[in-house]
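Q: Following this message is one structure expressed as structure tokens.
Number of protein chains: 2
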Amino acid sequence: MSQCAVVQAIANCGPISRASVAKITGRSKQTVSEIVANLESTGWIQAVGHTEGHIGRRAIVYEISPSAAYVASVDLGGARVRVTLCDLTGTVLTELVEPTNPNGGMAIVDQIARMVRSITALAGKPYDDLHIAVVGVPGVPDPETGAIMMSPNICNIDRIDLAGNLRRQLDVNVIVENDVNLAARGEHWLGNHGEQDDIVYLSVGTGIGAGIVVGGQLLRGRNGAAGEVGFLPFGADPFDPSSLKTGALEQVAATNAIIRQYLARTGVRKTVSEIFDAAETGESNALETLDSVARQIARATVAIIAIIDPSAVVIGGSIGQRTELLDRITHQASKCFPRKIRIEKTRLGAHAAIAGGVVTALHQLHVSLFAAGQSTTEIIIPPSEIENFVAGAA
Amino acid sequence: MSQCAVVQAIANCGPISRASVAKITGRSKQTVSEIVANLESTGWIQAVGHTEGHIGRRAIVYEISPSAAYVASVDLGGARVRVTLCDLTGTVLTELVEPTNPNGGMAIVDQIARMVRSITALAGKPYDDLHIAVVGVPGVPDPETGAIMMSPNICNIDRIDLAGNLRRQLDVNVIVENDVNLAARGEHWLGNHGEQDDIVYLSVGTGIGAGIVVGGQLLRGRNGAAGEVGFLPFGADPFDPSSLKTGALEQVAATNAIIRQYLARTGVRKTVSEIFDAAETGESNALETLDSVARQIARATVAIIAIIDPSAVVIGGSIGQRTELLDRITHQASKCFPRKIRIEKTRLGAHAAIAGGVVTALHQLHVSLFAAGQSTTEIIIPPSEIENFVAGAA
DNA sequence: AGTTAGTTCGTCAAGTTACCGAACTAACTG
DNA sequence: CAGTTAGTTCGGTAACTTGACGAACTAACT
């Protein structure tokens, strides 16, 4: 079907006439006319006016009808649950944030379901127009069982079928994906990278992990464990048995590492943000701690670049995106790799995973609606306005 | 066109009837009949007999006509040039090996062209039936200029357009690709891995490098430098400026590293194979040298697994495939990664790149013949007999 | 051995789908 | 008015499907 191509042309090129769509897609004018008529009658696109001032007959221009359907993107964190409702253009309509229910397990399912239902009500949209929900989780979803493995901060989430239960409660399609993977997709979508660029999102927070987008697709790996950079074999001694529990790199390049290193140097236990504050005042122990951690993260970045050779490595996460650390990482990394390397700060901050959820949802929606039965179709969702996502950051 | 699907079904499922092809491809019987008639008349497939003993009418079975076209796979090494001629089923017909012309540059082009022409003569095949040649080179082909960058062992190869010149001399399509990348494709094709399995081929010889197959496709990276594991930031001090010339890992995990380490321990300069021999006699210095090198290669393997999470890492290269080293690598790697990991010895040995060239050539041939103009078509070349490749190893 | 039922192969004819090309009408600029 | 562009109508085609049917075979029964 050319339907898919037509939808994409309209989505990408904003308000556009049928004649132009025909040129872009390479189909004939009346093939396009037929499809457009069809799409308009089913409500997916709408006419929004005329061209004017050009020579020749005025053209009717069409655009994706934003309110034809909605998608929900959920970021389930250890501390907070964030839910956003977006329209078909990827514009955020409403956002809702709550503390994560500490009971875990089914309580989480109930919480997410309630939040998704109430956000559609808040936005004043009929619930039936919600077509899909994507949930980012801090762990590895098991595609067989739907359980979330390796998620220490949320209890009992590895004992239930999150996707299945949510699907039942919400009565819409549900996709569950690792939050760092979603963040990588989000940055790839909105972070000023080409559609074909390979990018890696490196998240540094309580742990360290990477999401990898190659050829527009997430690299998942055999066990869904691609990007587990915490187990890179340097930092702490990788051959020490203790490195089998907490990875060798993770021991020296995450929240706990900063706290512990500062403690070792000074005998004083401070929180991460206190240590950052101390560094800003020029305290040498704090500065040395940050230097040391940045050095290890820089090595991780170089390891990723040596193996993947991406267009850019985007660094995010609660501590990774702090400029003081980022500058040090960039500086150190450039010292141990022969070519120029591109390390960037996340442009989406805490909303990277949410944005990734939105693009995943929209992609899935387009596939199911317009490419049913087609084997391999490249579907590109045009980037939304980045401000939609960043502005909402609380 | 369904033509592509029909060809694949016949290629994959050996001698097969039209009715079975219809079932496999999901097309109707006479669509298949038409296409088969067409393919038979153009010579790409041939009838080879009847089914028998089954209930019902006998079926005429067809197979790919092996001699409809041929492809050449060339492995250009620093010391040797290896050329093989294969038929459409991926069976090696003839192999030719020569020392690499030491003059480099255009002399290499002339040498390869001469060898390719003479091998078709040797095999007694009309030159016009040769459709494509794939050349594996120890360096990074620049897709713009056709020059081969970073190829220290072959002189002046970075100053000429290898692909273009060969295409002109041979008058067939020519693809030039990095040899480790081809080896990765070869192992992926013949090494008992699933079509969708991600595998990494790690070559350890004069240098260390990896070829990465993800989702059936080579991972190339922004600069074509994916898999440059020599620059992984451990082994030697990665922040030392000397690690910008020879990568930190490459300094301790390749031919020279073995020689130098043994020299440092004993004061004696031996070749790599002499050191392996010494290790076999139980000489402790040699054993310790191998242990130390294996330890670093194991770290490289773990780094790859942590980032890519492939189904398997296949180790090859002149020293990587030596069992003494491989056993040590496997053992050390398992000690610093929490999950079970699959490290395998190359099954193709020196013929991995050749096999990769063959599958690349056959793939390209199928695309150009049967999928012309189609956007994205998965084309799977059924594995050939691995013996065809390994047996020829000299 | 002969008959009959059941199965599968391959073909024929008619219909469907998704597209295209060319001619045509509509609406605008200058 | 001519010139230009937008959209429609009409007819046509390539690729595929569906369903009916004869040919060729096996198996089982008489």
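Just so you know, the protein sequences line up as chains V and W, in that order. Heads up: the first sequence begins at 147 in my numbering, then just goes up one per residue. Heads up: the second sequence begins at 147 in my numbering, then just goes up one per residue. Think of the CB as a built atom: it goes at the ideal place given N, C-alpha and C, for glycine as much as any other residue.
Where Leu-336/W and Leu-364/W are concerned, what is the direct C-alpha to C-alpha distance, given to the nearest angstrom?
A: Computed Cα separation, rounded: 15 Å.
Q: If you draw a straight line from the alpha carbon of Val-322/V to that of Ala-356/W, how long is it in whole angstroms?
A: About 32 Å.
Q: Considering only the alpha carbon of each residue, which of Gly-292/W, Cys-232/W and Ser-480/W lies closest to Gly-270/W?
A: Ranking Gly-292/W, Cys-232/W and Ser-480/W by Cα distance to Gly-270/W puts Cys-232/W first.
Q: For the region 228 to 313 of chain V, list the beta strand (DSSP E) runs that are entirely contained and at least 3 residues long, ordered along the chain.
A: List check, beta strand (DSSP E) in window: 238 to 245 and 276 to 283.
Q: Starting from the beta carbon of Gly-367/W, find every residue of chain V whose beta carbon is closer than 8 Å, and list them in chain order.
A: Chain V residues near Gly-367/W: Asp-344, Ile-454, Asp-455 and Pro-456.
Q: Report the option in Pro-379/W, Arg-204/W, Gly-223/W and Thr-291/W whose CA atom is closest to the CA atom of Ala-446/W.
A: Comparing Cα-Cα distances from Ala-446/W to each of Pro-379/W, Arg-204/W, Gly-223/W and Thr-291/W, the minimum goes to Pro-379/W.
Q: Mind checking who Ala-218/W pairs with in its DSSP beta bridge?
A: Bridge partners of Ala-218/W: Leu-231/W and Ala-279/W.
Q: Chain V partners of Ile-461/W, CB-CB under 9 Å?
A: Within chain V, no residue comes near Ile-461/W; the closest Cβ sits about 15 Å away, beyond 9 Å.
Q: With a CB to CB cut of under 8 Å and the five nearest residues on each side skipped, what residues in its chain are close to Met-261/V?
A: Taken in chain order, the residues that qualify are Val-220, Val-227, Val-229, Leu-242 and Glu-244.
Q: Quick one: residues in its chain with C-beta nearer than 8 Å to the C-beta of Gly-340/V, no 5 flanking neighbours on either side, listed in chain order?
A: Correct list, in chain order: Ser-457.
Q: Say whether chain W places a C-beta atom closer than 8 Å to the C-beta of Gly-545/V.
A: The structure shown does not extend to residue 545/V, since chain V spans only 147 to 540, so no value can be given for it.
Q: Using alpha carbons as the reference points, say which of Asp-386/V, His-334/V, Ser-419/V and Glu-420/V lies closest to Leu-348/V.
A: Taking only the C-alpha atoms, the option nearest Leu-348/V is His-334/V.
Q: Please confirm if Arg-485/W has its CB atom under 8 Å from at least one CB of chain V.
A: Answer yes: the Cβ-Cβ gap between Arg-485/W and chain V drops below 8 Å somewhere.
Q: What runs of the beta strand (DSSP E), each 3 residues or longer, lie entirely inside the region 401 to 479 of chain V?
A: Qualifying beta strand (DSSP E) stretches, in chain order: 458 to 462.
Q: For Ala-214/W, decide whether its Cβ has a neighbour in chain V, counting only Cβ atoms nearer than 8 Å.
A: Not one chain V Cβ lies under 8 Å of Ala-214/W.
Q: Give every residue of the same chain whose Cβ lies closer than 8 Å to the Cβ of Ile-303/W, excluding the five residues on either side of it in the sequence, and list them in chain order.
A: The answer, listed in chain order, is Gly-250, Gly-251, Ile-254, Val-283, Gly-285, Ala-293, Ile-294 and Ser-297.
Q: Is the beta carbon of Lys-491/V closer than 8 Å to that of Leu-472/V?
A: Yes, Cβ-Cβ distance for Leu-472/V and Lys-491/V is below 8 Å.
Q: Which residues of chain W have a Cβ atom closer than 9 Å to the Cβ of Leu-390/V, listed in chain order?
A: Those within 9 Å of Leu-390/V in chain W are Lys-481, Cys-482, Phe-483 and Pro-484.
Q: Sorted by chain position, which residues of the same chain lie with C-beta nearer than 8 Å to Val-152/W's C-beta, five sequence neighbours on each side aside?
A: Val-167, Thr-171, Arg-173, Val-178, Ile-181, Val-182 and Leu-185.
Q: Using a Cβ-Cβ distance under 8 Å, would Phe-377/W count as near chain V?
A: True, the Cβ-Cβ gap to chain V drops below 8 Å.
Q: Closest Cβ-Cβ distance between Phe-516/V and chain W: below 8 Å?
A: With 8 Å as the cut-off, Phe-516/V does not count as an interface residue toward chain W.
Q: Could you tell me the alpha carbon to alpha carbon distance between Ala-215/V and Arg-313/V, rounded to whole angstroms?
A: For Ala-215/V and Arg-313/V, the distance between alpha carbons rounds to 17 Å.
Q: What did DSSP end up calling Asn-158/W once you bin it into helix, strand or coil?
A: Correct three-state label for Asn-158/W: helix.
Q: Against chain W, with Cβ distances strictly below 8 Å, would Pro-284/V count as a contact?
A: For Pro-284/V, the answer is no, since every Cβ of chain W falls outside 8 Å of its Cβ.
Q: Compare the Cα-Cα distances from Gln-442/V to each of Ala-403/W, Asp-383/W and Thr-197/W and report the closest residue.
A: Answer by Cα proximity: Asp-383/W.
Q: Provide the residue(s) that pair with His-196/V in DSSP beta bridges, ordered along the chain.
A: Its beta-bridge partners are Ile-206/V.
Q: Can you name, in chain order, every residue of its own chain whose Cβ lies under 7 Å from the Cβ of Asp-437/V, other than the five neighbours on each side?
A: Excluding sequence neighbours, Asp-437/V sits near Arg-474.
Q: Based on DSSP bridge pairs, tell me the residues matched to Ser-179/W.
A: None, per the DSSP bridge assignment.
Q: Mind checking whether Ala-440/V and Ala-432/V have CB atoms under 8 Å apart?
A: Against a cut-off of 8 Å, the Cβ pair of Ala-432/V and Ala-440/V comes out as no contact.
Q: Against chain W, which members of the region 487 to 506 of chain V pass a CB distance test of less than 9 Å?
A: If the cut-off is 9 Å between Cβ atoms, the region 487 to 506 of chain V has Arg-488 near chain W.
Q: Counting contacts by CB-CB distance shorter than 8 Å, is Ile-450/V in contact with chain W?
A: Yes, contact with chain W.
Q: Who are Asn-319/W's beta bridge partners in DSSP?
A: Bridge partners of Asn-319/W: Ile-278/W.
Q: In this structure, does DSSP put Lys-481/W in helix, strand or coil?
A: Residue state, collapsed to three classes: helix.
Q: Among Ala-330/V, Leu-308/V and Leu-328/V, which one has its Cα closest to the Cα of Val-320/V?
A: Among Ala-330/V, Leu-308/V and Leu-328/V, the Cα nearest to that of Val-320/V is on Leu-308/V.
Q: Spell out whether any CB of chain W is found under 8 Å from the CB atom of Phe-385/V.
A: Answer yes: the Cβ-Cβ gap between Phe-385/V and chain W drops below 8 Å somewhere.
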